[in-house]
Amino acid sequence: MKRLLDSIVENNKKWTREGNVASYIPELSKVDREHIGICVSTLDGEEYCSGNSELKFTIQSISKIITLMLAIIDNGKKYVFSRVGMEPTEAAFNSIINLEAKNPQKPINPMINAGAIATVSMIAGNDGKETFNRILKFTRKISGNPEININEAVYKSEKETGNRNRALAYFMKSTGVLKGDVEEILDVYFKQCSMEVTCGDLARIGSMLANDGVLPWNGQRVVPRDVARIVKTIMVTCGMYDASGEFAVHIGVPAKSGVGGGILACVTRRMGIGVVGPSLDEKGNSIAGMKVLEELSKEMDLSIF
Ligand code: GLN
């Protein structure tokens, strides 16, 4: 396995030169585009890594699956999906068009920014601080890494410049989707996106999902089976935004990307996978990360279809 990962990383290094690192969050433009890394975490607790697998990067939108799980655990699926949809969209992750044109009362799915901001507003907590602490604690637990923390510079950078997300949130406040203090909800969202992880952290979260909500390394159930199933399904249909269809054809596993360059993937009853490659395509997905996953999927026949 290790040899296979080494050769996949080697074969796909060239892709790190394509695309661009995210620059709309100024601090993210400082990351090194040359990096490429992968970790696979199997259900029998083995971990195999290659390339820059020790690299820390911000989780960004991959956190949306974490907050979706928490929101459903706190409120039940019926309530959550009465306030956020579950349909894929052809619009970009930070687009506002569907909110106004399709349904002002309901963002289209929890993986786009509007839907994720609505989702995080449903997570229990007396204030933003408590809500974020629950998210951080849950992330540490499902990744088996008690050291996960936020990258303060990225958090501040996004908070200062996140006016698109502010626009989405205030629009949703005006239509009644968001209840509560908009700035406080946004602050939690910016913090959840700034949590710093490695490929190994993503692979272990993926292995928990692959194991239907049970941590493979200690047998502890952390997510109800039904919630794991829902999240994986939404990852297949919406996890790679408006590239989810193409990703399903070429790779064929539930996955979630973030503009930090990470992708979390999982293969039920087999493994969790974390990859990183900071250079993105125009849809905000890691180019090298997708290429690495494509080769791994072919080599190991991972597609669920
Ligand atoms: N923090 C980023 C944003 O809200 C997350 C987007 C992403 O990773 N696609 O714009």
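Numbered per our numbering, the sequence shown spans residues 19 to 323.
Virtual Cβ for every residue (Gly too), placed ideally from N, Cα, C.
Everything numeric in this text was worked out from a predicted model, so none of it was measured.
Grouping DSSP H, G and I as helix and E and B as strand, with all else coil, what is residue i?
i      : result
Glu72  : coil
Val102 : coil
Ser175 : helix
Gly292 : strand
Tyr42  : coil
Leu186 : helix
Gly55  : strand
Arg21  : helix
Gly143 : coil
Leu298 : strand
Lys120 : coil
Val215 : strand
Ile65  : Note that residue 65 corresponds to Glu in the displayed sequence, not to Ile. Strand at Glu65.
Leu282 : strand
Ala110 : coil
Arg287 : coil
Ile168 : strand
Val206 : helix
Val232 : strand
Lys197 : coil
Could you tell me whether the Cβ atoms of residue i and residue j are closer together than 9 Å?
i      : j      : result
Met213 : Ile160 : no
Tyr188 : Met140 : no
Val294 : Gly55  : yes
Gly292 : Gly224 : yes
Lys158 : Ile168 : One detail in the question is off: residue 158 reads as Arg in this sequence, not Lys. No, they are not a contact pair.
Met215 : Ile153 : Per the sequence shown, residue 215 should be read as Val rather than Met. Cβ atoms of Val215 and Ile153: not closer than 9 Å.
Leu73  : Cys211 : no
Val27  : Pro296 : no
Gly194 : Ile43  : no
Gly324 : Trp235 : Because the chain in this structure spans residues 19 to 323, residue 324 falls outside the shown range and cannot be described.
Leu46  : Ser175 : yes
Asn144 : Ser79  : no
Ile114 : Ala185 : yes
Ala273 : Cys284 : yes
Val249 : Val241 : yes
Met318 : Leu22  : yes
Lys95  : Asp244 : yes
Gly331 : Arg222 : Given that the chain is displayed from residue 19 to residue 323, the structure contains no residue 331 and the question cannot be resolved.
Phe150 : Lys177 : no
Can you give me the Cβ contacts of residue i inside the same chain, cut-off strictly under 7 Å, excluding the 5 residues immediately before and after it?
i      : result
Pro128 : Lys82, Leu86, Val102, Ala134, Thr137 and Ile252
Phe156 : Ile84 and Leu88
Asn116 : Thr107, Ala109 and Ile126
Pro122 : Thr193
Phe111 : Ser79, Ile130, Asn131, Tyr259 and Gly302
Ser41  : Ser47
Taking buried to mean at least 16 other C-beta atoms within 10 Å of its own C-beta, is residue i buried or exposed?
i      : result
Arg287 : exposed
Gly198 : exposed
Arg52  : Looking at the sequence itself, residue 52 is Glu, so the reference to Arg does not match. Its Cβ having fewer than 16 others within 10 Å, Glu52 is exposed.
Ile90  : buried
Lys32  : exposed
Asn29  : exposed
Lys124 : buried
Pro164 : exposed
Gly290 : buried
Ala142 : exposed
Asp7   : Since the first residue of the chain shown is 19 and the last is 323, residue 7 is not available in this structure.
Ala228 : buried
Arg182 : exposed
Ser25  : exposed
Ser262 : buried
So, for residue i: in the same chain, excluding its five sequence neighbours on each side, which residues have a beta-carbon less than 8 Å away from its beta-carbon?
i      : result
Leu196 : Ile135, Ala136, Ser139, Ala187, Met190 and Ile203
Gly270 : Ser315, Leu320, Ser321, Ile322 and Phe323
Gln238 : Val232
Ala171 : Glu45
If you drop the 5 nearest sequence neighbours on each side, which residues of the same chain put their C-beta closer than 6 Å to that of residue i?
i     : result
Met19 : Tyr66
Ser71 : Gly55, Cys57 and Cys217
Glu15 : Given a span of 19 to 323 for the chain in the structure shown, any question on residue 15 remains unanswerable.
Thr60 : Met289
Please report whether the beta-carbon of residue i lies at a distance below 9 Å from any beta-carbon of chain D.
i      : result
Asp199 : Looking at the structure shown, chain D is missing, and only one protein chain is on hand.
Meets three-Cβ-pair contact criterion under 8 Å: the stretch 303-317 and the stretch 273-282: yes
message: For the pair the stretch 255-274 and the stretch 104-118, tell me if three or more CB-CB distances fall below 8 Å.
response: yes
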